[in-house]
Each structure stands twice: as C-alpha cells, then as structure tokens.
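Each remark here refers to the structure printed beneath this line.
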Amino acid sequence: SLEWDLGSLRGLAPGTKLTGIVVATDYQPQRGQSAPIQLTVISPSELEQQIRRQRSEILERLGKVVHTQHQLHTQVEDLKIAAGRSKDPSGRIDELHAIELRQRQIGTWLSGENGSVVQRIETILEQLRVNRIDQPTTKHNMEGWHETITKITRENLPTIRIALVTALKTARDTTNNPELVRLLDQGGQQQQAVLRRLAPIQNTFSQRQTYLKLSLQLRMLLDQQIELQQDTLQLEQSLLGNSDAALSEL
4 SLEWDLGSLR
14 GLAPGTKLTG
24 IVVATDYQPQ
34 RGQSAPIQLT
44 VISPSELEQQ
54 IRRQRSEILE
64 RLGKVVHTQH
74 QLHTQVEDLK
84 IAAGRSKDPS
94 GRIDELHAIE
104 LRQRQIGTWL
114 SGENGSVVQR
124 IETILEQLRV
134 NRIDQPTTKH
144 NMEGWHETIT
154 KITRENLPTI
164 RIALVTALKT
174 ARDTTNNPEL
184 VRLLDQGGQQ
194 QQAVLRRLAP
204 IQNTFSQRQT
214 YLKLSLQLRM
224 LLDQQIELQQ
234 DTLQLEQSLL
244 GNSDAALSEL
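FYI, the working numbering numbers position 221 of the sequence shown as 224, with every residue one higher than the one before it.
Okay, structure coming up:
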C-alpha cells in the first residue's frame, strides 16, 4: 500500500477537495486505472468530532452486547435450573437453540467484518496514526479495549459456543441431565466472564464521553476565536489601506 502525505502540500485549508486516481502497470506493459478518489480536508476540531462520534457508536454497540449477554446468561441459568428438576429436558431444545444463535450474534457484533466493535476501534487507531494526532490516552485506551475484545472472541465466545452446541445434543438424551446441567453451567460461567471483561470498558467510555464533549466545545470556541482574530486583522489592513489611499489624493 502507498500512503499519500498531504502534509507536504501547501494551502490545504479545511473544506478543500482533492481528487486523485491510482494507475498501475505490469511487465507487459499493461496499464490499469482506478476510479477517481475524492478526499475532503477537514479541520482538527472536525476530526475530533468525527472520532467522538465513532466512540459513541462503539459505546452503543457495546451496550447492545452487554444487554444481550445479560439476557442470554439469565436464560441459560433458567435452563440449567429446569434441567436439574425435569426428567425430560428435550422440551427446551428450541429455546436452547435460540440462545445459541443469539450468542453467536454477539461474536459478530464484536469482531465481525462490517461495522464490528473491533473494526471501529481499528479505524480510530488508524485515524490517530495517519493524521499524527497526539492523544496518548485515547490511543492507550483503544489499544486496551482492542486487546480485551480480542481475548473475549478468542477465549470466552468459542467456549460458550461449544458448551451450548454440545448441550443441544445432550438435551436430546433424556437420561443425561447431569451432563446437560454441567454444560449449561460451563456456558453460564463464560458468559459472566464476558460481562466482567466488558464492564471496565463501558465505565471508561461513560466517563470519557462527558470529557470529550466539553473538550470539543472548547476546541470549536478556540477555532472561532482564531477565525475572528484573522477577520479583524484583515479588516484593519483594509481600513489602513483605504486611509493611505485617501491621504495620497490630498
């Protein structure tokens, strides 16, 4: 891949639009050309607002994950209790199958390809790197959250899925209730582990949202102040120029 350092170009004010194409040739030689790629230059405050919006989207998705995981854990615990009391757990197979499907959906939300939490975190980290933004706290938090979610998807979620899938098969054997209870207990413990790992991320996000909102407002006020100073300076120069012209006519 090739990175285009726009910092080497002068006069790129916020709002400037750039259009580029990528041309590739091979040894024959044959030449291929991409469709036009359009870029829009934004201000630092606009970039901070964009990152803040992406954080909010991550928080919303994590909230959905936590809420769903709480529900599934409660359902698994209920099934475990029912399996311990009933002589025929096969009547709960449909419910267990639905739980397994929803549990699989959590993995997609966390690390699937399109719009997953991991993908959005990686996007923010890439924006910080490419735009050379010095926000060590944000970078540190994002890297930590990425590591935590990666552990969840590699360690906890596969164990939960195996336990639930095996429990589905075991539920069809009405003589093996103790094994079904054990599998549901194993899955429930891993679900709790997921919730414990996500809790600090949610708490940090909630605290940061308030701070970032205030920081963005202050940055926008500063940008407006700088713009006002520049307009004032231009007006002063214009007035001085008009005064000099008037004096020269006398």
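The beta-carbon is built from N, C-alpha and C at its ideal position, and this holds for glycine as well.
Check                                                                                                             : Outcome
Coarse secondary structure for Thr156, derived from DSSP in three states                                          : helix
Close Cβ partners of Leu50 (< 8 Å) along its chain, the five nearest in sequence each way excluded                : Gln130, Asn134 and Ile136
contact_flag[the segment 143 to 163, the segment 187 to 200] where n(CB pairs < 8 Å) is 3 or more                 : yes
Anticipated Cβ contact below 8 Å, Ala86 with Leu183, distance rounded                                             : 5 Å
Best match in Asn180, Ile163 and Ser48 for proximity to Ile109 [C-alpha to C-alpha]                               : Ile163
Where Arg200 falls: helix, strand or coil (DSSP)                                                                  : helix
Buried versus exposed, by CB contacts within 10 Å (16 or more), Leu238                                            : exposed
Candidates Gln57, Met145 and Gln106: closest to Leu128 by CA position                                             : Met145
Complete runs of the alpha helix (DSSP H) confined to the segment 87 to 160 [at least 4 residues]                 : 96 to 114, 120 to 133 and 139 to 154
Local conformation of Val26 per DSSP, three classes                                                               : strand
Where Leu65 falls, given that 16 or more other Cβ within 10 Å makes a residue buried                              : buried
Helix, strand or coil at Leu225 according to DSSP, with G and I counted as helix                                  : helix
Helix, strand or coil at Thr43 [DSSP, three-state]                                                                : strand
When Gln78, Ala16, Gln31 and Pro47 are compared against Gln138, the one with the closest alpha-carbon             : Pro47
Spatial neighbours of Leu243 in its chain, beta-carbon cut-off 7 Å, leaving aside the 5 residues before and after : none
N- and C-terminal bounds of the beta strand (DSSP E) containing Gly35                                             : Arg34 to Gln36
Distance, Asn117 Cα to Arg105 Cα                                                                                  : 18 Å
His100 versus Leu62, Glu230, Leu171 and Tyr30, residue with shortest Cα-Cα distance                               : Leu171
Same chain only: Cβ atoms within 7 Å of Leu250, ignoring 5 sequence neighbours per side                           : Confidence is the limiting factor: at Leu250 the pLDDT is only 48, short of 50, which leaves the residue's position unreliable, though a coordinate-based value still follows. Result list for Leu250: empty, nothing under 7 Å.
Residues that Lys20 bridges to, as DSSP identifies them                                                           : Thr43
C-alpha distance - Leu62 paired with Thr77, whole-angstrom precision                                              : 23 Å
6 Å Cβ shell around Ala166 - same chain, five flanking residues per side excluded                                 : Leu186, Gln189 and Gly190
Val79 at chain B interface by Cβ criterion, 8 Å                                                                   : As a matter of chain content, chain B is missing from the structure shown, which is built from one protein chain.
Same chain, Cβ closer than 7 Å to Gly261, five either side skipped, listed in chain order                         : With the chain running from 4 to 253 in the structure shown, residue 261 is simply not present.
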